[in-house]
Each structure stands twice: as structure tokens, then as C-alpha cells.
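A.B. asks: Take this structure, written in C-alpha cells, and hold onto it; I'll ask about it next.
Numbering (our numbering), first residue to last: 61 to 393.
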């Protein structure tokens with residue numbers, strides 16, 4: 061008889077939540093119970109004692125840890141705290157998940173096996189992600205480094221992966237460095253993957269392992285096959301701001317910078333038209349342009365303040381993740 065604990069990958073599954081649909085979160089925790097030894101929930105919004113007990117029941121034999129930072133610190137700080145917890149647990153991998161992720165059973169083991177196969181071929185692998193698919197089951201586009209292989213099930217080297225569902229080697233994460241907490245949300249996974257590539261690590265997607273994923277509120281389809289993610293105004297602010305801030309980073313390839321700069325006018329026009337030039341959208345885009353150009357980062361507190369009425373006396377954001385949150389469980393982040 062196989063010992064279930066021995067069959068699990070040495071991995072912490074980290075779920076970042078903010079006002080989740082609780083039943084969906086319970087299902088997510090239950091889906092991971094047989095794949096990992098520890099499931100960590102980083103709560104950017106409150107989790108009650110009763111809800112924690114329900115999640116512990118859903119986790120089965122896996123340990124359930126709730127990290128409570130006390131306020132919404134964003135994704136970058138959450139990922140860094142989850143990394144600290146995974147290292148304290150003696151894990152080999154960290155799996156990152158959104159609150160609405162839908163990993164299929166066996167995803168962790170399959171991605172870990174891909175890690176080891178690629179390492180055996182001499183690759184310095186930082187992260188392997190599943191193939192994201194839309195609601196219709198269609199594979200989403202990948203930012204590939206090379207031509208797609210003839211064998212559709214073979215792993216594909218990419219420039220970056222979506223953070224949700226990605227399995228990261230902790231030794232690679234330690235060498236590459238923390239996620240950008242000052243980005244708060246948006247482009248955090250892109251910047252980290254590009255930094256990993258510049259450091260000599262490779263980024264992969266395994267087409268044989270798929271996971272449903274929804275980008276924002278849907279897709280805005282433009283002529284010539286261009287696709288934009290439909291986002292609320294506050295997310296438009298962080299996307300524009302962070303992508304502009306990335307232009308000054310030496311490890312971001314010129315091809316990525318050029319693609320964003322060339323597409324920026326189209327993006328601005330498309331989002332303005334889609335949002336019907338709403339006050340929030342106009343403010344978010346103008347603020348994103350201004351703050352990105354000035355490298356003013358941090359929480360998006362001023363995203364929707366009318367740009368034409370703003371004071372320019374804002375302190376520059378730091379890249380500190382803040383103090384570590386308290387943990388409910390045997391380990392502390």
C-alpha cells in the first residue's frame with residue numbers, strides 16, 4: 061500500500077485571496093489535499109474562525125495554514141511570504157494559485173515531473189506552468205521563445221507564465237530574488253520571469269497539463285487579431301503604471317519594451333472606447349501614465365483620483381514587502 065504522505069511532492073500550495081467566493085475556495089483547497097503536504101492561504105481580506113475550520117476540513121490530511129497580514133498587501137508581498145513559509149517547511153517547490161483557480165488532480169506531481177525531466181536535459185528551470193485554457197477549453201496564446209515543437213505534448217519554453225498554477229523551484233526563487241511587492245498587482249509574474257531569464261534560468265509551459273483560467277472580466281477583440289483583457293479601471297491603472305515602470309529595467313528585453321510602447325496608443329484608445337470614456341477609466345489611465353513615467357509605485361490608492369486635481373507631492377514607493385504576517389498553524393512565514 062502506498063503511503064499518501066510519501067507520494068506527495070515536497071511542495072507548499074499558496075493561495076492568495078481577496079474577498080473570495082467561499083464555496084469555490086473550499087473546492088480549491090479540497091482539490092489540493094492529496095497533492096501537497098501544506099496548503100497556505102494568504103488572506104488579503106478577513107477569514108473568520110468558522111471559515112478557517114471549514115478550510116481545514118477541506119484540506120484533509122494536508123496542513124492548512126492561514127497567513128493574516130492585517131491589510132491588503134497585494135500579490136507581490138503575498139508571494140514573498142508564501143516563499144518564506146515554503147522554505148520553513150523544507151519544501152522543494154512553491155505552487156502559486158488564485159482564489160478562483162481550478163487545478164486538476166495530479167497537477168502538482170505532473171509539473172514536478174516536468175521540472176525533473178527538463179533538469180535531466182541540462183535546463184536551469186525556474187518555473188513550469190500549466191497550459192492555460194479558456195472557458196471553451198481552447199488553449200490561450202503563449203509568449204514562446206522558440207517555435208512550437210511538433211509534438212504538441214512536449215514542454216514549451218516561454219518568456220513568462222501566468223502566476224496562477226505555476227510551480228516554482230525554491231532554490232531558483234532564492235537565486236533570482238523576491239517578487240516585486242511595490243507593483244502590488246499586475247505584471248508581477250512577467251517582471252519576475254523576465255528577471256529569471258536574464259539570470260540564465262528558463263521558463264516553461266507543459267501543454268500536457270492544462271488549467272482553466274479567466275483573464276479579467278473577459279477579452280476585448282480588436283482588428284488584426286489583437287486581444288486585450290477587459291479590466292476594471294483600477295486594474296488598468298496598475299497595468300499601465302507597472303508596464304511603464306518596467307521600461308527602465310535593464311533585464312527587460314528590448315523586444316518586450318518595444319511591443320508595449322508600440323501597442324500603448326491602441327490599448328489606451330480601446331480601453332477608453334470600451335469604458336465609454338468613463339470618469340474612472342480616464343483618471344486611471346492618466347494616473348497610470350503619470351505614475352509609471354515617474355516610477356511612483358505601491359498600492360493603487362490614488363488610481364481613480366482625477367489626475368487634473370491631484371497634488372504632485374506623493375512620496376516615492378519603496379520595494380519593501382512590509383512586516384511578515386502572522387500565521388495560524390505550526391509554521392510562521
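Using N, Cα and C, we set each Cβ at its ideal position, and we do this for glycine too.
#1: Between the beta-carbon of residue 304 and the beta-carbon of residue 331, is there less than 8 Å?
#2: With a Cβ-Cβ cutoff of 8 Å, do residue 193 and residue 265 count as a contact?
#3: Three-state secondary structure (DSSP) at residue 200?
#4: Enumerate in chain order the residues of its own chain whose CB-to-CB distance from residue 366 is below 6 Å, with the five nearest sequence positions on each side excluded.
#5: List the endpoints of the continuous alpha helix (DSSP H) containing residue 88.
#6: Thinking C-alpha only, which one of 329, 157 and 352 is nearest residue 224?
#7: Within 8 Å, do at least three Cβ pairs link the stretch 87 to 102 to the stretch 170 to 187?
#8: For residue 243, which of 307, 135 and 309 has the nearest alpha-carbon?
#9: For the stretch 278 to 287 against the stretch 161 to 175, are there 3 or more C-beta pairs whose distance is under 8 Å?
#10: By alpha-carbon positions, which one of 90, 108 and 235 ends up nearest to residue 123?
#11: Sorted by chain position, which residues of the same chain lie with C-beta nearer than 6 Å to residue 290's C-beta, five sequence neighbours on each side aside?
#12: Just how far apart, CA to CA, sit residue 293 and residue 144?
#13: On a Cα-Cα basis, can you pick out the residue from 308, 271 and 322 that is closest to residue 164?
#14: Extract the residue ranges of the beta strand (DSSP E) inside the stretch 104 to 148, only unbroken runs of 3 or more that lie entirely within it.
#15: Apart from the five residues just before and just after residue 92, which ones in its own chain have a Cβ nearer than 6 Å to its Cβ?
#16: Here's a check: name, in chain order, each residue in its chain whose Cβ is nearer than 6 Å to the Cβ of residue 191, leaving out the five neighbours to either side.
#17: Rounded to a whole number of angstroms, what is the C-alpha to C-alpha distance between residue 76 and residue 339?
#18: Between the alpha carbons of residue 127 and residue 189, how many angstroms are there, rounded?
#19: Tell me which residues share the same chain as residue 246 and place their Cβ nearer than 7 Å to its Cβ, disregarding the 5 neighbours each side in the sequence.
#20: From residue 311 to residue 255, what does the alpha carbon distance come to, in whole angstroms?
#21: Candidates 166, 257, 286 and 155: which alpha carbon is nearest residue 227's?
#22: Could you check if residue 69 is buried or exposed, using at least 16 other CB atoms within 10 Å of its CB as the buried criterion?
#23: Have a look at residue 201 and residue 286 and give me their C-alpha separation to the nearest angstrom.
#24: Would you please verify whether the beta carbon of residue 100 is less than 8 Å from any beta carbon of chain D?
#25: Would a C-beta distance cut-off of 8 Å place residue 184 and residue 262 closer than the cut-off?
C.D. replies: With the given structure in hand:
#1: Taking the chain shown and counting its residues from 1, one reaches residue 304 at position 244. Taking the chain shown and counting its residues from 1, one reaches residue 331 at position 271. No. Outside cutoff.
#2: On the chain shown, position 133 is the one that residue 193 refers to. On the chain shown, position 205 is the one that residue 265 refers to. One thing to note: residue 193 has its Cβ no nearer than 8 Å to the Cβ of residue 265.
#3: As a working mapping, residue 200 is identified with position 140 in the chain shown. In the structure shown, residue 200 sits in coil (DSSP, three-state: anything other than H, G, I, E or B).
#4: Working through the chain shown from its first residue, we reach residue 366 at position 306. Closer than 6 Å at the Cβ level, and outside the excluded window around residue 366, lie 343.
#5: Taking the first residue of the chain shown as 1, we reach residue 88 at position 28. Boundaries of the alpha helix (DSSP H) harbouring residue 88: 82 to 92, taken from the DSSP string.
#6: Residue numbering aside, residue 224 sits at position 164 when the chain shown is read from its first letter. Comparing Cα-Cα distances from residue 224 to each of 329, 157 and 352, the minimum goes to 157.
#7: The stretch 170 to 187, when compared against the stretch 87 to 102, does not touch it at the 8 Å Cβ threshold.
#8: Working through the chain shown from its first residue, we reach residue 243 at position 183. With distances taken between Cα atoms, residue 243 lies closest to 135.
#9: Verdict: no, contact absent.
#10: Taking the first residue of the chain shown as 1, we reach residue 123 at position 63. Of 90, 108 and 235, the residue nearest in Cα terms is 90.
#11: Against the chain shown, residue 290 aligns to sequence position 230. If we look at residue 290 and ignore the five residues flanking it on each side, its Cβ neighbours are 276, 277, 278 and 280.
#12: In the chain shown, residue 293 corresponds to position 233, counting from 1. In the chain shown, residue 144 corresponds to position 84, counting from 1. Those two C-alpha atoms are separated by around 32 Å.
#13: Position 104 of the chain shown holds residue 164. Among 308, 271 and 322, the Cα nearest to that of residue 164 is on 271.
#14: For the stretch 104 to 148, whole beta strand (DSSP E) runs of length 3 or above, ordered along the chain, are 123 to 128.
#15: The residue you call residue 92 lines up with position 32 of the chain shown. Around residue 92, the same chain offers 73 and 99 as residues with beta carbons nearer than 6 Å, after the five sequence neighbours per side are excluded.
#16: Within the chain shown, numbered from 1, the residue matching residue 191 stands at position 131. Excluding positions up to five away in sequence, the list reads 199, 265, 267 and 270.
#17: Taking the chain shown and counting its residues from 1, the one referred to as residue 76 is at position 16. Taking the chain shown and counting its residues from 1, the one referred to as residue 339 is at position 279. Those two C-alpha atoms are separated by around 30 Å.
#18: Here residue 127 corresponds to residue number 67 of the chain shown, with the count starting at 1. Here residue 189 corresponds to residue number 129 of the chain shown, with the count starting at 1. Roughly 24 Å separates the two Cα atoms.
#19: Here the question's residue 246 lines up with position 186 in the chain shown. In the same chain as residue 246, and ignoring 5 residues on each side of it, the C-beta atoms closer than 7 Å to its own belong to 295, 298, 299 and 302, in chain order.
#20: Start at 1 with the first residue of the chain shown, and residue 311 comes out as number 251. Start at 1 with the first residue of the chain shown, and residue 255 comes out as number 195. Straight through space, the alpha carbons of residue 255 and residue 311 are spaced by roughly 6 Å.
#21: As a first step, residue 227 must be located in the chain shown, where it is residue number 167. Closest option to residue 227, Cα to Cα, is 155.
#22: Residue numbering aside, residue 69 sits at position 9 when the chain shown is read from its first letter. With 16 or more other Cβ atoms from the protein chains shown falling within 10 Å of its own Cβ, residue 69 counts as buried.
#23: Reading the chain shown from its first residue, position 141 is the one you call residue 201. Reading the chain shown from its first residue, position 226 is the one you call residue 286. Rounded to whole angstroms, the separation of the alpha carbons of residue 286 and residue 201 is 11 Å.
#24: No chain D appears in the structure shown, which is made up of a single protein chain.
#25: By one-based count along the chain shown, residue 184 stands at place 124. By one-based count along the chain shown, residue 262 stands at place 202. Yes, these two residues count as a Cβ contact at 8 Å.
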